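Comments concern the structure below.
There are 2 protein chains.
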Amino acid sequence: MPLTIKVNEETFTPRQQAVLTAALDLLVENGEGLTMTAVARRASCSKETLYKWFGDRDGLLTATVQWQAAKVRMPVVDRSHLNAKALRLSIEQFARDLLTVITGEVSVTLNRTAVTHAAQEKDSLGIIVLENGPLAIRRRLKPILEAGRDARLLRFTSSEDAYRTFFGLVVRDVQIRLLLGDKSLTQSNIEANIEADVKAATDQFFALYGAKANP
Amino acid sequence: MPLTIKVNEETFTPRQQAVLTAALDLLVENGEGLTMTAVARRASCSKETLYKWFGDRDGLLTATVQWQAAKVRMPVVDRSHLNAKALRLSIEQFARDLLTVITGEVSVTLNRTAVTHAAQEKDSLGIIVLENGPLAIRRRLKPILEAGRDARLLRFTSSEDAYRTFFGLVVRDVQIRLLLGDKSLTQSNIEANIEADVKAATDQFFALYGAKANP
DNA sequence: ATCGAACCGTACCGTACGGTACGCCTGCGG
DNA sequence: CCGCAGGCGTACCGTACGGTACGGTTCGAT
Chain V
81 MPLTIKVNEE TFTPRQQAVL TAALDLLVEN GEGLTMTAVA RRASCSKETL
131 YKWFGDRDGL LTATVQWQAA KVRMPVVDRS HLNAKALRLS IEQFARDLLT
181 VITGEVSVTL NRTAVTHAAQ EKDSLGIIVL ENGPLAIRRR LKPILEAGRD
231 ARLLRFTSSE DAYRTFFGLV VRDVQIRLLL GDKSLTQSNI EANIEADVKA
281 ATDQFFALYG AKANP
Chain W
81 MPLTIKVNEE TFTPRQQAVL TAALDLLVEN GEGLTMTAVA RRASCSKETL
131 YKWFGDRDGL LTATVQWQAA KVRMPVVDRS HLNAKALRLS IEQFARDLLT
181 VITGEVSVTL NRTAVTHAAQ EKDSLGIIVL ENGPLAIRRR LKPILEAGRD
231 ARLLRFTSSE DAYRTFFGLV VRDVQIRLLL GDKSLTQSNI EANIEADVKA
281 ATDQFFALYG AKANP
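Taken in sequence, the protein lines are chains V and W.
Each residue of the first sequence is one higher than the one before, counting from 81 in my numbering.
Each residue of the second sequence is one higher than the one before, counting from 81 in my numbering.
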């Protein structure tokens, strides 16, 4: 019987964090390279310690994803004085952050890992990734959207729907293509277009939800 | 050395198709349940035959995904007389088909399998899924969009961009949530909202790319 | 100085699974 | 009737990997 995994306890000792870093590195380098032996060797620790700390392989995986996903923090957008320009900048900033995070190597790896995990009737990693990815962004964007509505700069009925449309406009087919390993989407390729994409998505979002838009 | 896999040859004997069906069933039932022994037992054939026909496990997997993905065919939309109403119906139909396919159990399984595969520096399955999923839809939608533009019903510069925006508006965060195993997205849940979602996405698409829209 | 906890390194075990070999049956051409 | 190709079922092999055990080492507390 494996030990209970401490999923809610986010505090890891520096040594443990070194182990998690090693595990993440292995994941990024080679998605399926995360074997207990490899992690132990990379982190210069014994397998016994891994099992003592994380219970079993799944526990180590969960801790790694959890710890790493929680590190992805969007910068908070200033909400103090909300004129049209500031709102637009905030939305643009969210689009930029969303695209940057989602196209990052770590994010792709984490999402792939979670999808693989979900393919085995285990959804814990998927929940963690969802919670720290899309849902985290949603939580931060929502007050901005509602402030925009209160200031009569935006018009929508459901902030949920508005957010999901925003997500779609920004992400489009980029994420799924990255997850599927589409070679025509290189990192430099994305970086070169990110500003144009951010602007386009923001324009479209305001076209749909701006105060002047048709209901 | 495994035999060369016949990826371009789409013709399988009925017996082979029965094997592929068994493989797909196992995949859908339990993502990681596709072991050679399990397939052989399910299809009532010998492992030796599997290896003779498909070379190795990867070949069987590729053949399964290839064969199944190619079966997903969108109905062709009539393009004969293209007034505003017909165009809108066509777009709506695409949105509906796209959503229906993407949220289907088989599609989710195939995408998960391909993502898992891509996590191991193998992108062949990802390419197959991309080619038969998003890209197939794009190929079919593109002439409709351009016909709409020629008829001055739509306005856009790049049909590529228009398609990708359409994809984003329709799919939003549904696919990634399904891939990650989000429990709050049940099949019945999606089905109940699909018509409303289709209408909303089409409305938004026309708001952005309709002839009356701002450039 | 001594003890014990924590931990490293490594050897070891069990199992699952990819891949192969082989014996047997069936159907078909001669 | 004979022989043989194709295929089924099963036994088997090798390996990779999850998980455990254990001796040796470091280090802090007493």
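Each residue gets a CB set at the ideal place from its N, CA and C atoms; glycine is no exception.
Since this is a predicted model, take the numbers as computed values, not measurements.
Check: By how many angstroms is the C-alpha of Thr183/V removed from the C-alpha of Ile270/V?; Outcome: 8 Å
Check: How far does the alpha helix (DSSP H) with Lys165/W in it reach, from first residue to last?; Outcome: Ala164 to Thr183
Check: Got a sec: is the Cβ-Cβ distance from Arg192/V to anything in chain W below 7 Å?; Outcome: yes
Check: Alpha carbon to alpha carbon, how far is Leu249/W from Asn163/W? Give it in angstroms, no decimals.; Outcome: 23 Å
Check: Under DSSP, the alpha helix (DSSP H) around Asn212/V begins and ends at which residues?; Outcome: Ser204 to Asn212
Check: Would you list, in chain order, the members of the stretch 234-262 of chain W that have their beta-carbon closer than 7 Å to a beta-carbon of chain V?; Outcome: Arg244, Thr245, Phe247, Gly248, Leu249, Val251, Arg252, Asp253, Gln255, Ile256, Arg257, Leu259, Leu260, Gly261 and Asp262
Check: Whose C-alpha, out of Trp147/W, Ala123/W and Ala103/W, is nearest the C-alpha of Thr91/W?; Outcome: Trp147/W
Check: So who's on the other strand from Gly290/V, going by DSSP bridges?; Outcome: Leu234/V
Check: Check this for me: beta carbons of Phe174/W and Leu221/W, under 7 Å apart or not?; Outcome: yes
Check: Roughly how many whole angstroms lie between the Cα atoms of Ala276/W and Ala150/V?; Outcome: 34 Å
Check: Could you name the residues of chain V that Gly135/W contacts, counting a contact when the two beta carbons are closer than 7 Å?; Outcome: What Gly135/W touches in chain V: nothing, since even the nearest Cβ is about 21 Å away.
Check: Taking 7 Å as the cut-off, decide whether the C-beta atoms of Ser170/V and Ile224/V are in contact.; Outcome: yes
Check: Considering only the beta carbon of each residue, do Thr144/W and Ala103/W sit closer than 7 Å?; Outcome: yes
Check: Report, in whole angstroms, the separation of the C-beta atoms of Leu259/V and Val209/V, which I expect to be a contact under 8 Å.; Outcome: So it is not a contact: roughly 12 Å between Cβ atoms.
Check: Alpha carbon to alpha carbon, what distance is there between Gly113/W and Tyr131/W?; Outcome: 18 Å
Check: When you check each C-beta in the stretch 206-225 of chain W against every C-beta of chain V, which residues fall closer than 8 Å?; Outcome: Gly206, Ile207, Val209, Leu210 and Pro214
Check: On the three-state DSSP scale, how would you describe Asn88/V?; Outcome: In this prediction, Asn88/V has a pLDDT of 43, which is less than 50 and means its spatial position is unreliable; what the coordinates show is noted afterwards. The answer is coil: DSSP assigns Asn88/V none of H, G, I, E or B.
Check: Going by CA-CA distance only, name the one from Arg121/W, Ser204/W, Ser126/W and Val186/W that's closest to Asp138/W.; Outcome: Ser204/W
Check: Any chance you could list the beta strand (DSSP E) runs of at least 3 consecutive residues sitting entirely within the stretch 214-269 of chain W, in chain order?; Outcome: none
Check: How many whole angstroms separate the CB atoms of Phe236/W and Arg244/W, which I take to be in contact at a CB cut-off of 8 Å?; Outcome: Wrong, their Cβ atoms sit about 11 Å apart, outside the cutoff.
Check: Would you please state the rounded distance, in angstroms, between the beta carbons of Ile274/V and Arg176/V? I believe it to be under 8 Å.; Outcome: 7 Å
Check: Helix, strand or coil for Leu130/W? Go by DSSP, reduced to three states.; Outcome: helix
Check: On the three-state DSSP scale, how would you describe Leu141/V?; Outcome: helix
Check: Spatial neighbours of Gly111/V within its chain, please: CB distance less than 8 Å, with the 5 preceding and 5 following residues excluded, ordered by chain position.; Outcome: Thr189, Arg192, Thr193 and Thr196
Check: Any idea what DSSP makes of Thr101/W, helix, strand or coil?; Outcome: helix
Check: When burial is assigned at 16 or more other CB atoms within 10 Å of the CB, is Gln267/W buried or exposed?; Outcome: exposed
Check: Residues in the same chain with beta-carbon distance under 6 Å from Arg232/V, minus the five sequence neighbours each way, listed in chain order, please.; Outcome: Ala291
Check: Verify whether the separation of the beta carbon atoms of Ser239/W and Glu226/W is less than 7 Å.; Outcome: yes
Check: Checking contacts by CB at 7 Å: is Arg95/W closer than that to chain V?; Outcome: no
Check: CB-CB under 8 Å to Asp283/V, same chain, minus the five flanking residues each way: which ones, in chain order?; Outcome: none
Check: If contact means a Cβ-Cβ distance below 8 Å, which residues of the stretch 271-289 of chain V contact chain W?; Outcome: Ala280, Gln284, Ala287 and Leu288
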